[in-house]
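Chemist: Taken in order, the sequence shown gives residues 1 to 219; the numbers are from the working numbering. Even glycine gets a Cβ: it sits at the ideal position worked out from N, Cα and C. Mind having a look at this structure? Questions to follow.
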Amino acid sequence: MILIIGLLEIGTVYNREKLVEKLKVTEPYNNLVREELNIIQGALELCTKMVEDVMMLMENCFMIKSDTILDFNTMLEIMESGYTCIPIYEENRSNMTDILYTKDLAFINPDDCTPLKTITKFYSHPIHAIFHDTKLNTMLEEFKKGKFHLAIVQKVNSEGECNSFCEVLRLVTLEDVIEEIIKLEILYESDQFIGNSNQNWVGNQKKKQDFSAFKDPRH
1 MILIIGLLEI GTVYNREKLV EKLKVTEPYN NLVREELNII QGALELCTKM
51 VEDVMMLMEN CFMIKSDTIL DFNTMLEIME SGYTCIPIYE ENRSNMTDIL
101 YTKDLAFINP DDCTPLKTIT KFYSHPIHAI FHDTKLNTML EEFKKGKFHL
151 AIVQKVNSEG ECNSFCEVLR LVTLEDVIEE IIKLEILYES DQFIGNSNQN
201 WVGNQKKKQD FSAFKDPRH
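See below:
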C-alpha cells in the first residue's frame with residue numbers, strides 16, 4: 001500500500017474515475033502489488049458496474065425440476081454437482097420458484113423416494129429477483145445481509161403489443177460480485193476451471209466423486 005500511495009501525487013485529490021485511470025497506468029513491480037492494484041480498482045469500479053456485467057449463463061447453472069423425486073439417483077446427482085445452493089424450477093428453467101440447500105437433505109432417506117416439493121414446501125427458501133441495472137455495490141450490500149446469496153436477474157420487457165412483463169435473464173451470486181472486486185476466479189478443491197469473462201462465463205466444472213458405494217445393492 002505504501003508503494004501505491006507513493007505512486008500518486010502527494011496532496012492531490014482524485015475523483016473515482018481519475019483514480020482508476022492512475023491505477024491502470026501504474027506499472028506494478030511484483031505480483032503482490034499487481035493483485036493489490038486489481039482489488040483497489042475492482043472496489044472503485046463497483047458502483048459503476050451493474051449486475052448484468054457479471055451475471056452467469058442460466059443454461060450452465062445446475063437446477064432441479066420441482067416435480068423431481070428424491071431417490072438415490074437424484075441425490076447422487078445433487079452430491080456430484082458439488083453445489084450447496086440449487087435453484088428449483090417448474091416447466092422451464094426461466095421459471096424458478098424455490099431454492100434448495102443441500103443441508104435440507106440431511107434427514108432424507110433416498111429409499112423413501114420423497115417428492116422434492118415436500119422438502120421445498122417445508123423449508124420454504126424463496127428465490128429473490130433483482131433488476132439487471134442494479135449497481136454491484138447495491139447488490140453486495142443486499143448479499144451482505146445474509147438472507148440470500150443467489151438471485152434471479154430480470155428486466156422489464158416492453159416490446160411488442162402485449163403488456164410489459166419482467167423477463168428473466170440470468171443468475172447472479174455473491175461469488176460473482178466478489179470475483180469482480182478481486183479480479184480473480186474463486187476456485188475450490190473440487191473445481192476444474194474452464195474460464196470466465198463477464199458475460200461469457202461458462203461455469204466451473206466439478207470433479208465428480210464416486211458415491212456408488214452408498215447405493216443399496218438391492219436396487
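1. In three-state DSSP terms, what is LYS135?
2. Going by Cα to Cα distance, which pick from LYS49, GLU45 and PRO87 is closest to SER124?
3. Under 6 Å Cβ to Cβ from LEU150, same chain only, skipping five residues before and after it: list those, please.
4. Compute the Euclidean distance between the alpha carbons of THR138 and ASP112, then round it to the nearest angstrom.
5. Are the CB atoms of GLN154 and LEU169 within a distance shorter than 9 Å?
6. How many Å lie between ASP53 and GLU45 at the Cα?
7. Where SER164 and SER158 are concerned, what is the direct C-alpha to C-alpha distance, given to the nearest angstrom?
8. Answer with buried or exposed for GLY42, where buried requires no fewer than 16 other C-beta atoms within 10 angstroms of its C-beta.
9. How would you label ILE69, buried or exposed, when you count the other beta carbons within 10 angstroms and need 16 or more for buried?
10. Taking just the CA atoms, how far does ASN109 sit from MET50?
11. DSSP beta-bridge partners for CYS85?
12. Out of curiosity, what's the CA-to-CA distance linking ILE40 and GLU21?
13. So who's on the other strand from ASN157, going by DSSP bridges?
14. Suppose the cutoff is 6 Å on Cβ atoms and the five residues either side in sequence are ignored; what does the same chain contact list for GLY146 look like?
15. Which residue from GLU90, PHE62 and PHE143 puts its Cα closest to that of GLU80?
16. Which partner residues of LEU150 appear in the DSSP bridge assignment?
17. Tell me which residue opens and which closes the alpha helix (DSSP H) that THR48 is part of.
18. Measure the alpha-carbon distance for LEU57 versus THR120 and round it to whole angstroms.
19. On the CB-based measure, 16 or more other CB atoms within 10 Å of its CB, does ILE152 come out buried or exposed?
20. Can you tell me whether THR74 is helix, strand or coil according to DSSP?
21. Can you tell me whether DSSP reads MET58 as helix, strand or coil?
22. Compute the distance between the beta-carbons of ASP176 and LEU116, then report whether it is under 9 Å.
Modeler: So, from the data block:
1. strand
2. PRO87
3. CYS85 and THR173
4. 43 Å
5. yes
6. 12 Å
7. 5 Å
8. buried
9. exposed
10. 42 Å
11. TYR101
12. 12 Å
13. PHE165
14. none
15. PHE62
16. THR173
17. First-last for THR48: undefined, no H or E at that position.
18. 24 Å
19. buried
20. helix
21. helix
22. no
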